[in-house]
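The numbering of the sequence shown is the working numbering, which starts it at 29 and goes up by one. Every residue, glycine too, gets a C-beta built ideally from N, C-alpha and C. This report concerns only the one structure given below.
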Amino acid sequence: MTEKKINGLQDQLMGLEASLAEALSTIEAIEANIDMMGKKNLDEAIMWYNKFLGFEVFAGEGVRFVFNKVGMQRRRACSLLVLHCLIFILFENV
Numbered sequence: 029m030t031e032k033k034i035n036g037l038q039d040q041l042m043g044l045e046a047s048l049a050e051a052l053s054t055i056e057a058i059e060a061n062i063d064m065m066g067k068k069n070l071d072e073a074i075m076w077y078n079k080f081l082g083f084e085v086f087a088g089e090g091v092r093f094v095f096n097k098v099g100m101q102r103r104r105a106c107s108l109l110v111l112h113c114l115i116f117i118l119f120e121n122v
């Protein structure tokens, strides 16, 4: 190979490296935006469930998800307990 061809290939390689670095930077910015929007949407959903269904989370031996505003006529609570891959659903009158 001649020196001119080698220099040309090196220039192409440098151009590709610059393009890849720019693409990676763009992808990272998009991922950060998606993560931020996902967290915002999750926070809004939790707030809605809390306001209208009385959603709460309790940690202990397992994780217990409680909805204490389930019944429209009679206040009723529903809880889901996740314990080592077992799910228990409990209905309680409040």
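Distance between residue j and residue i (C-alpha atoms, nearest Å)
i, j, result
"K32", "E50", "27 Å"
"K97", "M75", "14 Å"
"V82", "A60", "Reading off the sequence, residue 82 comes out as Gly, not Val. If you take the alpha carbons of G82 and A60, they lie about 31 Å apart."
"M64", "S47", "26 Å"
"L95", "I58", "It is worth fixing the name first, because residue 95 is Phe in this sequence and not Leu. The alpha-carbon atoms of F95 and I58 are separated by roughly 35 Å."
"G66", "S53", "20 Å"
"S107", "K79", "16 Å"
"D39", "T30", "14 Å"
"E45", "A73", "42 Å"
"V85", "L37", "59 Å"
Beta-carbon gap between residue i and residue j smaller than 8 Å
i, j, result
"G88", "V110", "no"
Discussion item. Which runs of the beta strand (DSSP E) at least 3 residues long sit entirely within the segment 70-110? Give them in chain order.
Written reply: 83-87, 91-95
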